[in-house]
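Number of protein chains: 2
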Amino acid sequence: MVRLKGFQKLTSVDEAQRVFFSKIHIKKLKTTCVPLHSALNRILAEDVIAREDLPKFNRSAVDGYAVRAEDTFKASQFKPKIIQIIDKGEIGEKQAKKVWTGNPIPKGANAVIMLENAKSVGDQIEVWVSLTPGENVSQKGEDIRKDEVAVEAGTRLKPHHLGLIAALGISKIQVFEKPKIAILATGNELVELGSKPREDQVFEVNKLVISALCHELIAEPLDLGIAEDDLNEICRKLRTGLEMADMVITTGGTSVGVSDLVPEAVNKIGKPGVIVHGVAMRPAMPTALGVANEKPIIILSGNPVAAMFGFEVFARPLICKLLGLKHEETRPIIKAKISKKVTSALGRKTFVRVHVFQSNGEFFAEPVSARGSGIISTMTRANGYVVVPENREGLAEGESVSVRLFDTVETS
Amino acid sequence: MVRLKGFQKLTSVDEAQRVFFSKIHIKKLKTTCVPLHSALNRILAEDVIAREDLPKFNRSAVDGYAVRAEDTFKASQFKPKIIQIIDKGEIGEKQAKKVWTGNPIPKGANAVIMLENAKSVGDQIEVWVSLTPGENVSQKGEDIRKDEVAVEAGTRLKPHHLGLIAALGISKIQVFEKPKIAILATGNELVELGSKPREDQVFEVNKLVISALCHELIAEPLDLGIAEDDLNEICRKLRTGLEMADMVITTGGTSVGVSDLVPEAVNKIGKPGVIVHGVAMRPAMPTALGVANEKPIIILSGNPVAAMFGFEVFARPLICKLLGLKHEETRPIIKAKISKKVTSALGRKTFVRVHVFQSNGEFFAEPVSARGSGIISTMTRANGYVVVPENREGLAEGESVSVRLFDTVETS
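Here's what the structure looks like:
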């Protein structure tokens, strides 16, 4: 690939994603067995199949008396039916047995009268309601049947999935290992957080942010440190990253300057090298995408905001694939009215940072004004973003937009 | 409080929340100092204040040449201005110095020409565009000014917050300790996951689910185990929970049966004891709420689905308060069209489990049919819920509803 000066040729976001993702052969990650209580948010690697019916017996859904429904037909508060309480054995005609929620339904019974619908008088009860067969009974297998798939492989395990798996008596499951994402920052001007910068140096922030974004997806970030703007050093660190990780993400060194060394390094260390350099988006235009040793390398801008959007558009969907997810996980989407006009450049997919808030039950999206993609506080003042497509020059005030949320919305 | 047989008097959800939350004096949790890289999702305990301007100097937002904007006025591709490149020192009239993104702007310069808008010819450049003063310069302090609050106390720290704090050179911050939530399951029929149940026993699932829900909020669950339906045992375990934790959650033993021992135990161990017993909601009607030793005790149904909704309505907002959050965190809300009619009981706030999906760019909410609150698979087949208010008997087909999402929505 010949890089043109000033990105005279930019690739559209859709085309860049298509070309890049098509070059990557996603290998399934290894699986590992974990106890259920540490499986939250992990990705299930094998279908969980019910080994028996759930519930495994007909059970009472309430506290009350198990009876034959037929014996209660036509009962009412004015014309109660009298039923005999027994302690054990099969339920015969006009007989009942006390049961608590979850207890097996005794043989012979087919319904349960709720405690509050019967009055106990000695060893008898007065039944005030007419039950239909099956009433207040959870039928064997009504939750999940034996041999049915309870939770599919590729599911991110949420509390309710863990609950269902536990109910089936399964205490350990196979999940995919976490994909490893090696992260390298480049730039002579950078110092690690915690050290003392010279007058003309700045703290490196992108590794921390990208690591946190990986943690949010339950991927495992690996820190490759900071590389000087030196081709050999960058090549060396990229090679280390490719050995250790399933994917490499770099920040910095991807604009059109002489210090634009990362794409050069990627081309040097493997084939096919850089596939896309320069994307028709704002921010994150200098993003480059490459492949070496069959592993993806995502070359993000050194500007923190551009790096976050480059991650959002290219790294996030790819990590979802690496994770083994059945479906890509998108940000929650909320419809809102844009509170003021936004202008954007024709031919660029524009990511407008907005602050969504609720007012009188309606959601509004206030654009967060920003001049440069280096202004990190535009991200902390926003809680989401709106995508303006390439064929539009902006958004009109009051227009209804879909906001992708990266933080919570305060309720009024 | 006298509990009435069969919950003849139910408290509305709003009233139950109001009364319960008003009885609880939320003490601020202790704070702890953590390195920034382990602070993701923790709650910031003290405002982060900028110790210096960010950026700390006027810096270039692009790769290019720092110049005096005045020297470029009226320049165009047809009438370029010629400017002399210098290596060091102050920028004088018709002088320029090469800068990379992030470099300090040299004295004398007030704008930066992007590389692609100039042509280097020997030690001169031809400038093709007219710049305005300040163009392509990130001004000192334009992101955050010295002494400004960068991130407010009570914020849940997301990747972008960590990025801003790091950019300020702050590597350690004060966050609140995680609130401790002790969880007790009750019921003779329960066995711990991993053990072998008798024919009439079932696996305990609620502790696992509630723990996972706590983990999602970054609270710390503590396992009090399973208590038999025995008043003394329940009292003993509740006392342990109150000593160890900031809040206690129990499951089971809160219906109207004889086995309804937990509210009794709560009344026995402390004042004011049970405040609400029986809530006008579906599921989770038997939920009870109490206070002892100034700590909240939430008594959930033993039915897993009811337990989850009881947690959602009472435990979740309270944990948000305990966490020290500025704002309650609500589930993401999505507007969708309900795909079929739903009936609900007048006088009960009804939580309808739904599966939200996208079709032709529109969101639909398909109600997940369910007979009992014990059917856990209704939660795994759903990804959100709709609240039907007490004064309605259901939802009409095609009605627009607000779905609160507890899982992701698949995109088509």
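Chains as they are written, first to last, in my numbering: chain L, 1 to 412; chain F, 413 to 824.
Cβ coordinates follow ideal geometry from the N, Cα and C atoms, glycine included.
Which of helix, strand or coil DSSP assigns to residue i
i         : result
Phe-357/L : strand
His-739/F : coil
His-25/L  : coil
Glu-632/F : strand
Gln-429/F : helix
Leu-422/F : coil
Pro-104/L : strand
Phe-73/L  : coil
Thr-792/F : helix
Pro-296/L : strand
Ser-623/F : helix
Cutoff 9 Å: residue i Cβ touching any chain F Cβ
i         : result
Asp-87/L  : no
Met-413/L : Chain L is shown from 1 up to 412; residue 413/L falls before or after that span and cannot be answered.
Glu-142/L : yes
Lys-178/L : no
Asn-303/L : yes
Thr-240/L : no
Leu-423/L : Nothing can be reported for residue 423/L, as the shown portion of chain L is limited to 1 through 412.
Asp-14/L  : no
Backbone CA spacing between residue i and residue j [nearest angstrom]
i         : j         : result
Glu-15/L  : Met-285/L : 14 Å
Leu-574/F : Gly-252/L : 19 Å
Leu-636/F : Val-621/F : 14 Å
Ser-781/F : Val-431/F : 33 Å
Val-799/F : Gly-685/F : 29 Å
Met-656/F : Leu-673/F : 22 Å
Val-13/L  : Asn-206/L : 22 Å
Ala-692/F : Gly-581/F : 52 Å
Ser-607/F : Lys-172/L : 12 Å
Lys-23/L  : Val-276/L : 11 Å
Val-768/F : Phe-818/F : 11 Å
Glu-505/F : Ser-550/F : 22 Å
Ile-144/L : Ala-794/F : 15 Å
Lys-491/F : Thr-287/L : 32 Å
Leu-625/F : Leu-712/F : 14 Å
Ile-710/F : Thr-662/F : 6 Å
Glu-645/F : Ala-639/F : 6 Å
Chain L contact for residue i (CB, 9 Å cutoff)
i         : result
Ile-788/F : yes
Thr-820/F : yes
Gly-514/F : yes
Lys-825/F : The structure shown does not extend to residue 825/F, since chain F spans only 413 to 824, so no value can be given for it.
Thr-463/F : A quick correction: the sequence has Arg, not Thr, at residue 463/F. So no, Arg-463/F is outside the interface.
His-767/F : no
Leu-580/F : yes
Asn-618/F : yes
Where the beta strand (DSSP E) containing residue i begins and where it ends
i         : result
Glu-528/F : Careful: Glu-528/F lies outside any beta strand (DSSP E) and carries neither H nor E.
Lys-680/F : Segment 674-681 is the alpha helix (DSSP H) holding Lys-680/F; no beta strand (DSSP E) there.
Lys-584/F : 584-588
His-689/F : 685-689
Ala-66/L  : 64-67
Pro-779/F : 774-779
Met-247/L : 247-251
Thr-820/F : Note, Thr-820/F: premise wrong, no beta strand (DSSP E); not H, not E.
Gln-84/L  : 81-85
Lys-753/F : Careful: Lys-753/F lies outside any beta strand (DSSP E) and carries neither H nor E.
Buried versus exposed, by CB contacts within 10 Å (16 or more), residue i
i         : result
Gly-361/L : exposed
Pro-296/L : buried
Ser-789/F : buried
Pro-801/F : exposed
Gly-347/L : exposed
Arg-439/L : Past the edges of chain L, shown from 1 to 412, lies residue 439/L, and the structure says nothing about it.
Phe-615/F : buried
Gln-77/L  : exposed
Asp-63/L  : buried
Val-305/L : buried
Ser-400/L : exposed
First and last residue of the uninterrupted alpha helix (DSSP H) at residue i
i         : result
Pro-159/L : 159-167
Phe-721/F : 716-722
Glu-243/L : 231-244
Residue-level contact to chain A via CB, residue i, 9 Å cutoff
i         : result
Met-308/L : You won't find chain A in this structure, because its protein chains are L and F.
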